[in-house]
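One line per chain: the protein sequences are C and A, in this order.
Every letter in the first sequence is one number past the one before it in my numbering, and letter 121, counting from 1, is 194.
Every letter in the second sequence is one number past the one before it in my numbering, and letter 130, counting from 1, is 203.
All C-beta atoms, glycine included, are put in the ideal place defined by N, C-alpha and C.
There are 2 protein chains.
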Amino acid sequence: MLKLTKKADYGLMALKYLAEHPEIPALSAKDVADAYGIPAQLLAKVLQRLTKTGLLRSHAGMNGGYALARDARQISAFEVIHAIDGPFFITSCTKGAKACELTPSCTIKEPLARVNDTIAGVLKSISIQDLAEHEHPAAHGSGPHGLVALTL
Amino acid sequence: MLKLTKKADYGLMALKYLAEHPEIPALSAKDVADAYGIPAQLLAKVLQRLTKTGLLRSHAGMNGGYALARDARQISAFEVIHAIDGPFFITSCTKGAKACELTPSCTIKEPLARVNDTIAGVLKSISIQDLAEHEHPAAHGSGPHGLVALTL
DNA sequence: TGAATGGCCGACAGAAACGGTCGTATACTA
DNA sequence: TAGTATACGACCGTTTCTGTCGGCCATTCA
Numbered sequence: 074m075l076k077l078t079k080k081a082d083y084g085l086m087a088l089k090y091l092a093e094h095p096e097i098p099a100l101s102a103k104d105v106a107d108a109y110g111i112p113a114q115l116l117a118k119v120l121q122r123l124t125k126t127g128l129l130r131s132h133a134g135m136n137g138g139y140a141l142a143r144d145a146r147q148i149s150a151f152e153v154i155h156a157i158d159g160p161f162f163i164t165s166c167t168k169g170a171k172a173c174e175l176t177p178s179c180t181i182k183e184p185l186a187r188v189n190d191t192i193a194g195v196l197k198s199i200s201i202q203d204l205a206e207h208e209h210p211a212a213h214g215s216g217p218h219g220l221v222a223l224t225l
Numbered sequence: 074m075l076k077l078t079k080k081a082d083y084g085l086m087a088l089k090y091l092a093e094h095p096e097i098p099a100l101s102a103k104d105v106a107d108a109y110g111i112p113a114q115l116l117a118k119v120l121q122r123l124t125k126t127g128l129l130r131s132h133a134g135m136n137g138g139y140a141l142a143r144d145a146r147q148i149s150a151f152e153v154i155h156a157i158d159g160p161f162f163i164t165s166c167t168k169g170a171k172a173c174e175l176t177p178s179c180t181i182k183e184p185l186a187r188v189n190d191t192i193a194g195v196l197k198s199i200s201i202q203d204l205a206e207h208e209h210p211a212a213h214g215s216g217p218h219g220l221v222a223l224t225l
């Protein structure tokens, strides 16, 4: 029911954590996992995936670990979720090129696709930096978020 | 990954179908299921749930079936999804009263809760009627949809 | 050079959610 | 009372998700 997976949650949490500690050159998966009390090996896989998609940089060996590949402002929640959970679609049967297998069934899909785009837009407008500054409830003018158009 | 269940899809499709045939006093679950080529018994359960939550009216016996309990404009996609899939939350661990079980873990949840509200707002702004009129890509001024505020 | 640290990767097992079916009881109409 | 249709619960197979295990590779440093 419109829920993020735990992996995506973990990924967002980890990136936020990295954004909050810019002074440390690299944090290991275990460091972050311990900080939040989440399974280290699972987090490691999530971080590896984020590395593969270019959101993180990794460094092996002593004092190695992960670091943001870009400024926290330049990484959107959408990218993180997309990297971990894959492309998302509101509707169940919209997967890639081929449409619904059944008849001319899904006349519903068209309007919902727009909802999908709207949600994606919302997630794209939120950066890791925004998550790190979780104190101010109101928008503060730094970025595209504020109003999102919904054209149905 | 932010996906509706098939049941929710079926529910939306069925309501849309009912909205498109206002002249018929009641349509059976089988009628709708046949129209879309979806399992009749499954649809029946979905419709029963929608009846229980007051979105539909049912009538047993010959020429019985289901009908919208309200005008199609007064039923939002949110209500339908909520009735079928239950309350939805973007984040995995936000369930009702009790927060995350782990430490002060989920500092992430707070900002995402706002995203959640935004998405809910979008879904609330879409009526079954909107789904039935799936032809016009642009907003046409009938209803609250058009712009949705996102205050992060 | 070799041991310690830490990332990388595939396979897999347990648990939960989802999709769908069956059987039966109940309500209404004719 | 026969037929149609909803109501409801139990159940099962499949998929997805979560988490773990094992082994391999890269880097650093003593």
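Problem - Cβ shell of Arg-130/A (< 6 Å), same chain only, five flanking positions each side left out - result: Cβ neighbours of Arg-130/A beyond the five flanking positions: Ala-140, Ala-142.
Exercise for the section: Indicate whether at least one CB of chain A lies closer than 8 Å to the CB of Leu-91/C. Expected result: no
Problem - Contact set between Ile-201/A and chain C, taken where Cβ atoms lie within less than 7 Å - result: The contacting residues do not exist; Ile-201/A stays about 10 Å from chain C at best.
Practice task
Evaluate the contact criterion for the segment 75-82 of chain C versus the segment 195-206 of chain C: three or more CB pairs, one atom per stretch, below 8 Å.
Solution key: no
Exercise for the section: Using the DSSP secondary-structure output, state which residues sit across from Tyr-139/A in a beta bridge. Expected result: Tyr-139/A is bridged by DSSP to Leu-100/A, Ser-131/A.
Handout entry: Interface partners of Leu-120/C on chain A, CB under 7 Å
Key = None at all; the shortest Cβ gap to chain A is about 16 Å.
Exercise for the section: Can you have a look at Glu-152/C and say buried or exposed, based on whether 16 or more other CB atoms are within 10 angstroms of its CB? Expected result: buried
Practice task
Say whether chain C places a C-beta atom closer than 8 Å to the C-beta of Ile-181/A.
Solution key: yes
Exercise for the section: Give the range of the alpha helix (DSSP H) segment to which Thr-191/C is assigned. Expected result: 182-197
Exercise for the section: Taking Val-188/C as the query, report the chain A residues whose CB atoms sit under 9 Å from its CB, ordered along the chain. Expected result: Neighbours of Val-188/C on chain A, chain order: Ala-150, Ile-192, Val-195, Leu-196, Ile-199.
Problem - Any chain A beta carbon closer than 8 Å to Lys-103/C - result: Using a Cβ-Cβ cut-off of 8 Å, Lys-103/C does not count as an interface residue toward chain A, since no Cβ of chain A sits closer than that to its own.
Handout entry: Cβ-based burial, Leu-225/A [other Cβ within 10 Å; buried from 16]
Key = In this predicted model, Leu-225/A has a pLDDT of only 43, less than 50, meaning its place in the structure is not dependable; the value taken from the coordinates is given anyway. Counting the other Cβ atoms within 10 Å of the Cβ of Leu-225/A gives 16 or more, which makes it buried.
Exercise for the section: Output the boundary residues of the alpha helix (DSSP H) element that contains Ala-156/C. Expected result: 150-158
Handout entry: Cutoff 6 Å; reference Met-86/C; Cβ partners in own chain excluding five residues on either side
Key = Tyr-109
Problem - Candidates Ile-148/A, Gln-147/A, Thr-124/A, of which the one nearest Gly-138/A by Cα - result: Looking at Ile-148/A, Gln-147/A, Thr-124/A, the one whose alpha-carbon comes closest to that of Gly-138/A is Thr-124/A.
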